[in-house]
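Student: Take this structure, written in structure tokens, and hold onto it; I'll ask about it next.
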Amino acid sequence: MADSSQIESSARQTDGDLSIPSRLQHNLETFQERLWSVKMAEGALAGIVGLGFSYLIVFILDRFVDTPSLVRLLILLSGFLVPALGLPLRWKQWVWRQRSLEQLSRLLRRRFPRLGDELLGIVELARRPGSGASQTLVAAAMKQVDERLQTRNFCEAVPARHYGTWLAAAVALLALSTLLACLVNEASRNALVRWVSPWKQVDRYTFTKIEDLPQKVFVPYAENFDLAPTLAEDSEWRPDIATIRLPGKSRIASERDGEVYDFNIPPQKENGSLSLRIGDVKETIEVKPLPRPELTELSAVLRLPDYLRYESDPVVPIRGNSITLVEGAVARFRGTASRDLADASANGIAASIDGPNFETDPQQVDEAFTSKLTWSDVHGLKAKSDLEIQVVPTEDTPPDIFAKMLTDERVILEDEVVSFDVSALDDFGIKKVGIEWRPAQPLETPEASQGEKPVAAGGPESKEIQARATFSAAREGVSPQTLHVRAFAEDFLPDRQRSFSPTFVLHVLAPTEHAKWLTEEFGKWFRHAREVYEQERQLYETNKSLRSLTAEELDRPENRRRLEEQASAETGNARRLDALTDSGRDLVQQATKNNEFDANRLETWAEMMRALDDIAENRMPSVSDLLKKSSHAAGGTMKKPEEQSGKQNSEQSESTSATSPSVSDREKALVEDESSNNSPEKAGKNSSALGLPQTMLDSVAEEDTKEATEPQSEAQQKLDEALDEQDDLINEFAKVADELQQILSSLEASTFVKRFKAASRKQTEIAKRLNGTLGSSFGLAKHRIEQQLRDVAEETAVEQEEQSRFIYDIQSDLEAYFQRKQESLFENVLLQMKDASVVSNIKSIGESTRTNLNGRSIAASEFWADTLDRWAEELVAAAEESGKGDQKEGQEKDGLPPEIVLQIMKVLHEEMQLRDETREMESARPGLSPDVYEEKTQSLEYTQQELRERTDEVVTSISELPDASRQFGKELQLLSLVSDIMRESRAVLARPDTGDEAVAAQTEAIELLLQSKRQKKPQGGGGSGSSPGGGASATGNGSALSDIGPGGTANGSPAIQQEREVEQTTGKAGRQLPEEFRNGLDNYFNTLESE
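For the sequence shown, our numbering begins at 3 and goes up steadily by one.
Quick look at the structure:
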């Protein structure tokens, strides 16, 4: 060995040095070798122990946790550091530093101090003997020491105290590792691989093996959910209990059930993680709570039976758990979820998926069935419950048909055109809509004929049709008789019977029979007028008898009650007269259509309507108010004039002058008084008819017959005023004019102005009707409202829907008219209608009414009433503005003669009927062949030509009047323009074409005819109260016939724009509060404002 040679070389003599005895040298070399082997063995054993211990650490840690790679790497490095650092250090300390005899001697001195000292001395003497020392003595001393140490074993001095420990530890570790390899071979090998290769992704071996669990799981938001880890078949350890640690450090445990541990996890609302431990298995599962996927839309896509002729597949929304589909259809369910889907199925059959959408396979709808829909999203979440759709097949139902006659007239002339609004509804498509007629008594009228005509052509996908239908007996070749007329509708189901509307009974009469019938009706009307007149006379006599009482007697409660009863009776009689006036106006309207009636007679009847209307609307209510004031006046006698202040004397003088006799128009009588029977001549003249108004001066004798006593109380004073007013209205029963309130809706709807006015009045009526329900239904839920009030709300909603369609027709006609006649005012009104969305807003009022939002509905109705009225006034202003240049300022022109006005009215009425027929023909055009369409349009062309010729005749008649160019220049200009427009309309119809161009030309002609028919405001007019002067001159200088029919006005006032007073309330439909309530509310609000 190198080291031994080093000892040998150090033991040899060199340059006089003494050599160490060989036996001693051999012992030292033996000691050195033993020292080196022991210490290097200790280092090796320490390295083995370090490596083995690090392996055992990994093995043990893996039994509890999945030791991270970094930790395993640090453990491995720590184990390798023991041999890597221990061996070099030991070699340096025990080999490199123990090479010489001196180093070994010093080491021996630790174990054997004396022996070590002797060896150290011999070594020093042998290497550096002194100059004076005897070599013989030195050699003898070495020999003596060698002999004394020959029995000594230097190996005993080797420091081997830790050798056994390291050896035992190494053997123990090797034995333990061998035992682990034998007992748990897989686990030990897995730990060895994970220990040796910490950088590799080697799964930890566990004695408990479970099926794979997801690292991330999506669970229903705020709902319990289940987690069921399952033991693998090759699991060596099957613990009885598994635990899960929840967010928030709470734990739940579950016992093993077979191979499964069932956990019910509490609701989770936030993202977190679950720590699962089963034996030596520990898994971490990330939890993300999400809402369940819900269906946001579900519909059925239908392939309808072939007979319905649908080109597209209709989509039917599904709301609820059932849907009714037509038999024979093929249905597919199409849905949209709130999240992208992973799968969906219907009755277990997979559906096609496209993101959040799915669509099932088609199913034939022949019998009822249930389709069970299931779906899950991309996160594995399912709906909380499956959706079961009950599919109920149904037959193709017949269409519903509704018809409304635009007038209340059931007795018509044979050449009169009757219009119907026809509406048809079907669940799929309407084939056509028409009307049919048949005789009421076919056996008694063998010459009668029956027939039908198309009104509008439908289509496979036309579910709703609204059209205007017309019927004219003369045009259809039907002789005068009683007819049953009804509308019908057909759909596309083969062999289906028609659906019919309710039947309208029309009595078609010849002009002579029609005149006879009108005469009888006017006779009935006269009898009712006489009853109203006699009732008013009786009320007057009763009031006079009450006035004859003294002030004290009049203050008695029973007499005050009689005054209240008289006021109520006066109000009731006014209502009767008002209704009577309306029916009389209707009769005059019908009479204007019959050539059997002369214009002068019609003018007389029209003047009578003017007078009666004013009395019913103004004079009678004034008398009723005075009677009410008298019944509520303060009791006791009035102060004498000299005791009153100057102001009171002034007021009394004004009241006295107001009741003084004056010149006024008086009517002798509607029927003869009882005293007139003494005069046979007068009785024979006036017993069967109402008399004409006359002008006369009140006689002094009549003044003398009045009560001469001065009023002694306020009640008597008010009663005197009521008697004076009532006496005047009785004497002027048929004289005073006022605005007409009711004009037939069909004619009123034929002009823009009157149609707007009609729509405005309808909204006001609806507001008043709803206002009457506020007290009983305001603020209540719909189910708590009385059935009667709910019926009122439903009727109002239906009326608003009808009004929206009515206003839509006005807007359509106005747009067609503007396309033909480019005038800025018509464009302005049209743009206002479109910007305001009046049609949809009117319809929405009905929906508000259904939900008991009557306050909102009232405000909206009143707003649209004012808006529609304003639009009407703007159009009237345009009509009046166009005629200002034809009349000099300050001059008035006399009205047209009644004969000419009547002719204009007839042309106007027939032109409106022609427009309705033109619209009807355009609606039916798709269902007619070209030849049939041309043939039917030809009759309309001839009618238009006839109306133009009659218009020319009217122009000729006006030109023949004295000073016609100055007095009636405007009318001549307008009617000439009407003739030109009718010529254009005829040319359009001759193409043939019944579209918007023809309707626009006819509409323009109607508007111009209305302007020519309007008269200046009549002079005079009725008064009321205590000063009714001048009421009898209401006939004015305009023909009363101009008040009748389209363009006519109530009370003889022309449709001119007037300044309107802006109300301080939301409308006139509100209830009037008692005076004490109003004063209290005023004080309340004043107090609030002051605070």
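For each residue, glycine too, the CB sits at the ideal point set by N, CA and C.
Just checking E418 against the ligand ATP - is the residue's beta carbon closer than 8 Å to any of the ligand's heavy atoms?
Tutor: This structure simply doesn't include the ligand ATP, nor any ligand for that matter.
Student: Say whether the stretch 429-443 touches the stretch 489-502, bearing in mind that this needs 3 or more beta-carbon pairs closer than 8 Å, one atom from each stretch.
Tutor: yes
Student: Of the choices D228, E213, A230, whose alpha-carbon is the least far from that of D236?
Tutor: Your numbering for residue 236 matches position 234 in the sequence shown. D236 has its Cα closest to that of E213, out of D228, E213, A230.
Student: Does the pairing of the stretch 969-984 with the stretch 947-961 give three or more beta-carbon distances under 8 Å?
Tutor: yes
Student: Less than 9 Å between the C-beta atoms of E723 and L628, yes or no?
Tutor: Here residue 723 refers to the residue found at position 721 of the sequence shown. Here residue 628 refers to the residue found at position 626 of the sequence shown. In contact: E723 and L628 (Cβ atoms closer than 9 Å).
Student: Starting from G337, follow the beta strand (DSSP E) in both directions and report where the run begins and ends.
Tutor: Counting from 1 along the sequence shown, the entry for residue 337 is found at position 335. Where G337 is concerned, the enclosing beta strand (DSSP E) stretches over 332-339.
Student: Terminal residues of the continuous beta strand (DSSP E) containing S387?
Tutor: Here residue 387 refers to the residue found at position 385 when the sequence shown is read from its first residue. It is not in any beta strand (DSSP E) - S387 carries neither H nor E in the DSSP assignment.
Student: Would you mind listing the alpha helix (DSSP H) stretches within the stretch 453-502 that are 4+ residues and don't spill past its ends, in chain order?
Tutor: 475-478
Student: Buried or exposed: which applies to V60, given that a residue is buried once 16 or more other Cβ atoms fall within 10 Å of its Cβ?
Tutor: Numbered from its first residue, the sequence shown carries residue 60 at position 58. By the 10 Å Cβ count, V60 comes out buried.
Student: What's the gap between the Cα of A671 and the Cα of S981?
Tutor: Within the sequence shown, residue 671 is the residue found at index 669, counting from 1. Within the sequence shown, residue 981 is the residue found at index 979, counting from 1. Caution applies to A671, whose pLDDT of 33 falls short of 50 and renders its modelled position unreliable; the value that the coordinates give is listed next. The straight-line gap from Cα to Cα measures roughly 46 Å.
Student: Residues in its own chain within less than 7 Å of A1000 by CB, not counting five upstream and five downstream?
Tutor: Looking up residue 1000 in the sequence shown gives position 998. Here the set comprises T920, S987, V990, L991.
Student: Sorted by chain position, which residues of the same chain lie with C-beta nearer than 6 Å to S657's C-beta, five sequence neighbours on each side aside?
Tutor: Reading the sequence shown from its first residue, position 655 is the one you call residue 657. At S657, the pLDDT of 39 sits below 50, so the modelled position is not reliable; the number obtained from the coordinates is stated separately. Nothing listed; no residue qualifies.
Student: Starting from the C-beta of V394, find all residues in its chain whose C-beta is less than 8 Å away, skip the five residues before and the five after it, and write them out in chain order.
Tutor: Here residue 394 corresponds to residue number 392 of the sequence shown, with the count starting at 1. So the qualifying residues of the chain are S324, I325, T326, L327, A370.
Student: For the stretch 554-564 and the stretch 595-615, state whether three or more C-beta atom pairs, one from each stretch, are separated by less than 8 Å.
Tutor: No, because fewer than three Cβ pairs between the stretch 554-564 and the stretch 595-615 fall closer than 8 Å, the two stretches do not touch.
Student: Pairs of beta-carbons, one from the stretch 930-937 and one from the stretch 478-490, closer than 8 Å: are there three or more?
Tutor: no
Student: Return helix, strand or coil for Q805, following the three-state DSSP convention.
Tutor: Mapped onto the sequence shown, residue 805 falls at position 803. If DSSP states are grouped into helix, strand and coil, Q805 belongs with the helices.
Student: Taking the continuous alpha helix (DSSP H) assigned at V198, which residues delimit it?
Tutor: Within the sequence shown, numbered from 1, the residue matching residue 198 stands at position 196. Segment 187-198, the alpha helix (DSSP H) holding V198.
Student: Let me check one thing: in DSSP terms, what residues is E438 bridge-paired to?
Tutor: On the sequence shown, residue 438 is found 436 positions in, with the first residue counted as 1. Beta-bridge pairing by DSSP links E438 to E454, R488.
Student: Is S632 buried or exposed, if buried means 16 or more other CB atoms sit within 10 Å of its CB?
Tutor: To locate residue 632, count along the sequence shown from 1; it is residue 630. The residue is buried, with at least 16 neighbouring Cβ atoms inside 10 Å.
Student: Less than 9 Å separating the beta-carbons of T472 and V420?
Tutor: Numbered from its first residue, the sequence shown carries residue 472 at position 470. Numbered from its first residue, the sequence shown carries residue 420 at position 418. With respect to the 9 Å criterion, T472 and V420 are classified as neighbours on the basis of their beta carbons.
Student: P623 and A576 look like a contact to me (Cβ under 8 Å); what is the Cβ gap, rounded to whole Å?
Tutor: Your numbering for residue 623 matches position 621 in the sequence shown. Your numbering for residue 576 matches position 574 in the sequence shown. Contact holds; Cβ gap of about 6 Å.
Student: Would T210 pass as a contact of E238 if the rule is Cβ separation under 9 Å?
Tutor: One-based indexing of the sequence shown puts residue 210 at position 208. One-based indexing of the sequence shown puts residue 238 at position 236. Yes, the pair counts as a contact, with Cβ atoms nearer than the cut-off.
Student: Helix, strand or coil, according to DSSP, for W239 in the structure here?
Tutor: Working through the sequence shown from its first residue, we reach residue 239 at position 237. DSSP places W239 in coil when its eight states are reduced to three.
Student: Quick one: measure Cβ to Cβ for N349 and K386, integer angstroms, because I've assumed they're closer than 8 Å.
Tutor: Residue 349 sits at position 347 when you count from the first residue of the sequence shown. Residue 386 sits at position 384 when you count from the first residue of the sequence shown. The C-beta distance from N349 to K386 rounds to 19 Å, too long to fall under 8 Å, and the pair is not in contact.
Student: Output needed for L383: all residues of its chain with C-beta closer than 7 Å, excluding positions within five of it in sequence on either side, in chain order.
Tutor: The sequence position of residue 383 within the sequence shown is 381, counting from 1. Within the same chain, L383 has close Cβ partners F220, P222, L292, R294, P295.
Student: Is P1056 buried or exposed, if buried means 16 or more other CB atoms sit within 10 Å of its CB?
Tutor: In the sequence shown, residue 1056 corresponds to position 1054, counting from 1. Model confidence at P1056 stands at a pLDDT of 42, short of 50, so the residue's coordinates are unreliable; what they give is reported in the following sentence. P1056 is buried by the Cβ-count criterion.
Student: Alpha carbon to alpha carbon, how far is Y542 from L725? Give it in angstroms, no decimals.
Tutor: On the sequence shown, position 723 is the one that residue 725 refers to. On the sequence shown, position 540 is the one that residue 542 refers to. Their Cα atoms are separated by approximately 7 Å.
Student: Under the DSSP definition of a beta bridge, which residues are partnered with A405?
Tutor: Here the question's residue 405 lines up with position 403 in the sequence shown. According to DSSP, A405 bridges with V424.
Student: Check D837 in the structure and name its three-state DSSP category.
Tutor: To locate residue 837, count along the sequence shown from 1; it is residue 835. Secondary structure of D837 (DSSP, three-state): helix.
Student: Can you tell which of L832, D793, T798, S826 has its C-alpha closest to the C-alpha of D811?
Tutor: As a working mapping, residue 811 is identified with position 809 in the sequence shown. The shortest Cα separation from D811 among L832, D793, T798, S826 belongs to L832.
Student: If you measure between the beta carbons of D342 and A352, is that distance less than 9 Å?
Tutor: Residue numbering aside, residue 342 sits at position 340 when the sequence shown is read from its first letter. Residue numbering aside, residue 352 sits at position 350 when the sequence shown is read from its first letter. Result no, Cβ atoms of D342 and A352 do not sit closer than 9 Å.
Student: Which parts of the stretch 521-592 are runs of the alpha helix (DSSP H), unbroken and 4 residues or longer, counting only runs that do not cross its ends?
Tutor: 553-556
Student: Look up F599 in the DSSP assignment and give the residues it is bridged to.
Tutor: Residue 599 sits at position 597 when you count from the first residue of the sequence shown. Partner(s): none; F599 has no beta bridge.
Student: Have a look at E285, G281, R240 and flag the residue whose alpha-carbon is nearest the alpha-carbon of L248.
Tutor: Against the sequence shown, residue 248 aligns to sequence position 246. The candidate whose alpha carbon is nearest that of L248 is E285.
Student: Counting Cβ pairs closer than 8 Å, one from the stretch 272-281 and one from the stretch 299-307, do we hit at least three?
Tutor: Segments in contact, no.
Student: Hey, would you say Q946 sits closer than 9 Å to Q1004, going by beta carbons?
Tutor: On the sequence shown, position 944 is the one that residue 946 refers to. On the sequence shown, position 1002 is the one that residue 1004 refers to. Closer than 9 Å, so yes.
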